[in-house]
Structure formats: structure tokens, C-alpha cells
Amino acid sequence: MRKIIFVTGNSHKVKEAGDILSPLGITVEQNNCGYPELQEDELEKIASFGAEWAADKLGTEVMVDDSGLFIRALGGFPGPYSAYVFDTLGNDRILKLMKGDTDRSAVFRCAIGYCVPGEKARVFTGEVMGEISLEGRGNAGFGYDPIFSVGGRTFGEMAEEEKNRLSHRYRALLKFADWLK
Ligand code: ITT
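Residue numbers (the numbering used here): 36 to 216.
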């Protein structure tokens with residue numbers, strides 16, 4: 036098993052990454068040291084900067100995960116500001132904001148940054164198209180899971196294994212694992 040330090044404050048991400056990567060021979064260990072999040076439009080740039088910063092700080096290879104929900108009717112909001120918007124508005128306010136919107140389409144994106152100290156980061160991206168549900172449904176998962184639906188069911192209504200077979204994170208991590216091999 037290869038062990039990689041995953042720098043994140045979000046233990047749900049660590050659980051998902053562990054479940055996805057362990058069958059591929061990779062284990063992840065959470066480190067909470069954090070990293071400065073650039074005010075950037077692109078998740079790739081945030082993940083790349085964060086991975087380089089954390090690798091240099093810790094003196095070891097690291098991975099980071101920057102994710103965002105891009106809602107079409109809201110011009111891609113909250114996108115790179117998804118964490119801040121989740122903490123300040125939350126799912127109910129977002130649903131209110133979209134009241135009357137018939138275009139419910141949205142994309143969840145994930146950028147995994149990986150870096151060895153002293154080197155440039157590599158970034159692996161994944162995305163999944165879905166819809167913003169009319170109301171929150173399901174208690175599984177975390178964050179936006181109860182309002183993001185794929186094929187008629189929200190991530191909040193799916194078992195972990197099901198979300199982990201089609202999520203933005205799964206798609207990005209698969210590319211990462213392929214490259215590591
Ligand atoms: P770190 O930056 O410390 O990794 P974070 O939770 O702040 O943790 P992000 O900035 O990547 O991470 O997350 C953006 C927001 O999107 C945040 O509110 C997450 O809870 C949420 N989020 C990320 N991945 C998600 C997923 O798979 N399902 C639902 N919500 C998710």
C-alpha cells in the first residue's frame with residue numbers, strides 16, 4: 036500500500052478518498068495543516084497552489100482536493116466559493132434563490148492537486164453533471180449532497196458506494212491513481 040498525506044479540514048473527503056483509492060493500493064492520511072486558498076475562478080489553480088504550499092510546509096508528498104458546485108441558472112455560482120457559500124447561506128438559501136428557476140442543471144467539479152516538495156504540482160480533475168433538486172432529500176454524505184441529484188436521486192439519497200462510483204471526486208481520483216501507477 037502506498038500512503039499519501041491528504042491535506043484537508045474535511046474528514047468526509049478523506050473517507051471518500053480512502054474508500055475509492057484503497058482498492059487501487061493507495062491509503063490516505065488526513066493532515067489538518069490547511070493551506071491558503073487563492074481567490075481564483077479555476078479550481079485547478081487553487082488545488083495546484085495549495086498542493087505546492089502544503090508539500091513545502093510538510094516536506095512530504097501531499098494531495099489536496101478543491102471542489103465546487105457550479106449552478107447554470109446562477110451563472111456558475113457558487114463555483115470556487117462553494118465552501119464559503121455553504122457556510123454562510125447553506126442549502127435552504129440556495130434553494131430559495133432558485134425558486135421558480137426551471138433550468139436546474141449544475142456541475143460538481145473536483146480538482147485533486149498532488150505535489151512532491153520542490154516540484155510543480157500536478158492536477159487531476161473530474162466532474163459530474165446533475166441537477167439542483169427542488170427540495171433537500173436524503174441524509175447521506177455531506178455539504179451539497181442533499182440538493183445535488185444525478186439520475187433523479189440526490190447524493191444524499193445514495194449509499195456511499197453509489198456516490199463513489201459516479202462522483203466528481205471519484206472521476207478525479209481515478210485519473211490520479213492511474214497516473215501514480
Ligand atoms: P478543504 O478545503 O479543507 O479540503 P472544504 O470542505 O472547505 O475542505 P472545498 O473548498 O473543496 O472543501 O469544498 C467546497 C464546498 O463544497 C464545501 O462546503 C464542501 O462541503 C462542499 N463539497 C465538496 N465536495 C462535496 C461533495 O462531494 N458533496 C457535497 N458537497 C461537497
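Just so you know, even glycine gets a beta-carbon here, dropped at the ideal spot from N, CA and C.
Residue burial classification, C150 (beta-carbon count within 10 angstroms, cutoff 16): buried
How would you call T123, buried or exposed, if buried means at least 16 neighbouring beta carbons within 10 angstroms? exposed
For a test of your reading of the model: does the CB of R204 fall under 7 Å from any non-hydrogen atom of the ligand ITT? Yes or no. yes
So, at 6 Å on beta carbons, what are the nonlocal neighbours of D101 in its own chain, with the 5 sequence-adjacent residues on each side left out? L78, I81, A82, A146
Per DSSP, what are the beta-bridge partners of I39 in this structure? V63
Coarse secondary structure for A175, derived from DSSP in three states: coil
At a cut-off of 7 Å, is G171 close to the ligand ITT when judged by its beta-carbon and the heavy atoms of the ligand? no
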